[in-house]
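Following: one structure in structure tokens, then a few remarks.
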Amino acid sequence: MDDIDRQIVALLRQDARRSFQSIGLRVSLSAPAVKRRVDRLEADGVIRGYTARVDPGRFGWTTHALVALYCEGRMAASEVRDAVERHPEVEAAYTVAGEASAVVHVRARDTAHLEETLERIRDNAGVTRTQTQIVLSTLFERPFEE
1 MDDIDRQIVA LLRQDARRSF QSIGLRVSLS APAVKRRVDR LEADGVIRGY
51 TARVDPGRFG WTTHALVALY CEGRMAASEV RDAVERHPEV EAAYTVAGEA
101 SAVVHVRARD TAHLEETLER IRDNAGVTRT QTQIVLSTLF ERPFEE
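Quick note on UniProt numbering: the sequence shown kicks off at 1 and runs consecutively.
Take a look at the structure:
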């Protein structure tokens with residue numbers, strides 16, 4: 001990746017619907033040259049896909065929590081993933097070093113929905129307990145920028 005690739009990625013991160021021509025004007029390349037670079041960035045796995053950023057609150061999912069997941073024994077990361085990824089309320093899951101086995105970001109409509117989700121997660125074999133911290137407010141979220 002060179003500086004032009006980085007600029008192209010930054011522009012697509014700002015607006016993935018931006019045209020190749022618009023990007024080309026910003027990086028001093030033709031639209032076909034930008035397309036070739038984007039195709040290469042996709043093929044190399046730098047750009048993994050395009051998505052719409054949705055505000056979960058606009059869909060009524062206003063409650064979210066960070067949940068420490070404690071598992072018995074040496075539960076493999078793939079088993080932890082299997083325990084949580086089928087729940088649509090789980091936005092992200094991370095294995096972590098420390099006392100907990102994983103940290104899970106959960107979104108829900110309200111605390112009753114959150115509680116029901118946690119009960120479903122705890123029903124998985126190998127999950128011994130959870131420790132939940134409900135998010136009161138989001139101060140900021142920073143997307144990855146190189």
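Even for Gly, the Cβ is constructed at its ideal location relative to N, Cα and C.
Residue i classed as buried or exposed, judged by whether at least 16 other C-beta atoms fall within 10 angstroms
i	result
Arg37	buried
Ala112	exposed
Thr138	exposed
Met1	exposed
Ala83	buried
Boundaries of the beta strand (DSSP E) in which residue i is found, first to last residue
i	result
Ile134	127–134
Ala77	From DSSP, Ala77 is part of no beta strand (DSSP E) but of the alpha helix (DSSP H) over 77–84.
Ala65	63–71
Range covered by the alpha helix (DSSP H) that runs through residue i
i	result
Glu99	That residue, Glu99, is in no alpha helix (DSSP H); it is neither H nor E in DSSP.
His113	111–122
Ala16	Premise fails: Ala16 is in no alpha helix (DSSP H) and is neither H nor E.
Ala43	31–43
Expected contact under 8 Å - CB spacing of residue i and residue j to nearest Å
i	j	result
residue 177	Val106	Limits of the chain in this structure are 1 at one end and 146 at the other, which puts residue 177 out of reach.
Arg129	Gly60	About 28 Å separates the two Cβ atoms, so there is no contact after all.
residue 198	Leu29	The first residue shown for the chain is 1 and the last is 146, placing residue 198 beyond what the model contains.
Ile134	Thr62	Their Cβ separation, rounded to whole angstroms, is 11 Å, which puts Ile134 and Thr62 out of contact at 8 Å.
Val103	Val96	5 Å
Sequence-distant residues of the same chain with beta carbon closer than 8 Å to residue i, five excluded per side
i	result
Tyr70	Glu99, Ala100, Ser101, Val127, Thr128, Arg129, Thr130, Gln131
Residues of its chain near residue i, where Cβ-Cβ distance is below 6 Å and the 5 sequence neighbours each way are ignored
i	result
Gly24	Ser30, Ala31, Val34
Cut-off 7 Å between Cβ atoms - residues of its own chain near residue i, not counting five sequence neighbours on either side
i	result
Thr117	His87, Glu89, Val106, Ala108
Leu114	Thr63, Ala65, Val106, Ala108
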